[in-house]
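Notes for the one structure printed next.
Number of protein chains: 2
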Amino acid sequence: MSNSQMVELTVLEPDGSGAESVVPCCPPITAGELSAADAEKMAAMFKALSDPVRLRLFSKVASHAGGEACVCDISDVGVSQPTVSHHLKKLKDAGLLTSERRGTWVYYSVEPSVVAAMSAMLDLRN
Amino acid sequence: MSNSQMVELTVLEPDGSGAESVVPCCPPITAGELSAADAEKMAAMFKALSDPVRLRLFSKVASHAGGEACVCDISDVGVSQPTVSHHLKKLKDAGLLTSERRGTWVYYSVEPSVVAAMSAMLDLRN
DNA sequence: CCTCTGTATCGACAGCGATCGAAACAAGCT
DNA sequence: AGCTTGTTTCGATCGCTGTCGATACAGAGG
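Laid out in structure tokens, this is it:
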């Protein structure tokens, strides 16, 4: 039960705007070891990108103009359409994407702050 | 089978120094969509950090002096010793950590280039 | 050589998750 | 209302993986 250093994380409360209790947090991982709770949160975000199909879907959205894309524009990733929907839901639940219906189509957008938190956490420079 | 943009990734060959065919690559994800092959490689790296226990172990190593730590220093994460060893192996196989035996103890170190590649990929600024 | 401590591997089990087809829901059209 | 197209949900299957205890391996010191 020993732990050398613990760093308090700045958890941005996501004002219940969509995804279920999202996460953002985290100074560079070199700054100190994660608590069990923070590790849980961050791991969930990394897990969202831990599947090749999801990573491609995410990359398609992120590289689209405005960081936003219609499902119909990105669903060509070699799996069935229900599977695409399932993966988009996971990315949304993890807080990496948000979705909005506009008429017939549903558009997914990247959530910049959450992605930035992951990037910052892996930043090793000191 | 349509794809808007494709970006060639700079894959650094890891000169068979340890982990099995490691990965580094990747311009910011906003630059263009990942190919199936690159998505596979990057997803494997994110998967390594997608477990809370692994993320804590990684954070303990990264936050240690010199980005290096003995197993004995970090194995207090609430799971059995074999499980710790199993997770460290996964981090090593993913290329995020390297290991070296020095006498009785085994030391794990972070592989900065690989971690930097993940961080850079998630960098959304343009 | 034996023992002790540190670490890795093995084998088993349980739960999670990626995938699909089928079906439901949503919105626009005629 | 019915049809069509886009998207999500449901149920089932099946492989993957996190976990453990037991065991094996490695090095240091008696």
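One line per chain: the protein sequences are R and G, in this order. Residue numbers for the first sequence follow the numbering used here, beginning at 1 and rising by one. Residue numbers for the second sequence follow the numbering used here, beginning at 1001 and rising by one. Virtual Cβ for every residue (Gly too), placed ideally from N, Cα, C.
Practice item. If I'm right that L1057(G) touches L1088(G) with Cβ under 8 Å, what's the distance once you round it to whole angstroms? Key: Confirmed, Cβ separation roughly 6 Å.
Point to revise | is_contact[T30(R), chain G] using C-beta, thresh 9 Å | key: True, the Cβ-Cβ gap to chain G drops below 9 Å.
Exercise for review: Please compile the residues from chain G whose C-beta is within a distance smaller than 8 Å of the C-beta of K90(R).
Suggested key: Ordered by position in chain G, no residue passes the 8 Å Cβ test against K90(R), which lies about 12 Å from the chain.
**Study point:** Length of the line joining the Cα atoms of L1096(G) and V77(R)
**Key:** Separation of L1096(G) and V77(R) (C-alpha to C-alpha, rounded to the nearest whole angstrom) is 27 Å.
Review point. For the 8 Å Cβ check, are there 3 or more pairs between the stretch 1100-1120 of chain G and the stretch 117-126 of chain R?
Key: The answer is yes - the stretch 117-126 of chain R touches the stretch 1100-1120 of chain G, with three or more Cβ pairs under 8 Å.
Check your understanding: For C70(R), which residues does DSSP report across the bridge?
Key -> BP columns for C70(R) point to Y107(R).
Review point. Which whole-angstrom value describes the C-beta separation of V61(R) and S109(R), a residue pair presumed to lie in contact below a C-beta threshold of 8 Å?
Key: So it is a contact: roughly 7 Å between Cβ atoms.
Check your understanding: Using DSSP with H/G/I as helix, E/B as strand and the rest coil, what is R125(R)?
Key -> Of the three classes helix, strand and coil, the one that applies to R125(R) here is coil, per DSSP.
Review point. Taking all protein chains shown into account, do 16 or more other C-beta atoms lie within 10 angstroms of the C-beta of S85(R), making it buried, or fewer, making it exposed?
Key: Exposed: under 16 other Cβ atoms inside 10 Å.
Check your understanding: So is P112(R) in contact with chain G if we call contact Cβ pairs under 9 Å?
Key -> Residue-level contact by beta carbon holds for P112(R) and chain G, with a gap shorter than 9 Å.
Practice item. Pick out whichever of W105(R), A94(R) and A65(R) has its Cα sitting closest to the Cα of A1031(G). Key: Closest by alpha carbon: A65(R).
Exercise for review: Using a Cβ-Cβ cut-off of less than 7 Å, list which residues of the stretch 38-55 of chain R approach chain G; keep chain order.
Suggested key: So the list reads A39, E40, M42, A43, F46, K47, L49, S50, D51, P52 and L55, given in the order they occur along the chain.
**Study point:** Residue span of the beta strand (DSSP E) that contains T98(R), given as start and end
**Key:** From DSSP, the beta strand (DSSP E) with T98(R) extends over L97 to R102.
Exercise for review: Compute the distance between the beta-carbons of D123(R) and P28(R), then report whether it is under 9 Å.
Suggested key: Their beta carbons are under 9 Å apart, which means D123(R) touches P28(R) by this criterion.
Exercise for review: Identify, in the order they occur along the chain, each residue of the same chain with its Cβ nearer than 8 Å to the Cβ of K1047(G), setting aside the five sequence neighbours on each side.
Suggested key: Cβ within range, chain order: A1094.
Review point. Where C72(R) and T104(R) are concerned, what is the direct C-alpha to C-alpha distance, given to the nearest angstrom?
Key: Taking the straight line joining both Cα atoms gives about 11 Å.
Exercise for review: Let me know if S1080(G) comes out buried or exposed under the rule of 16 or more other beta-carbons within 10 Å of its beta-carbon.
Suggested key: Exposed, by the Cβ-count rule.
Review point. If you measure from the beta carbon of D93(R) to each beta carbon in chain G, is any gap under 9 Å?
Key: So, not an interface residue.
**Study point:** Neighbour list for S85(R) in chain G, Cβ cutoff strictly below 9 Å
**Key:** Under the 9 Å cutoff, chain G gives no residues; its nearest Cβ is about 18 Å from S85(R).
Exercise for review: Please state if the CB of S1063(G) and the CB of E33(R) are separated by a distance shorter than 9 Å.
Suggested key: Closer than 9 Å, so yes.
Check your understanding: In or out: A1069(G) buried (at least 16 other Cβ within 10 Å) or exposed?
Key -> Looking at its Cβ environment, which holds 16 or more other Cβ atoms inside 10 Å, A1069(G) is buried.
Check your understanding: Is A43(R) buried or exposed, if buried means 16 or more other CB atoms sit within 10 Å of its CB?
Key -> It counts as buried.
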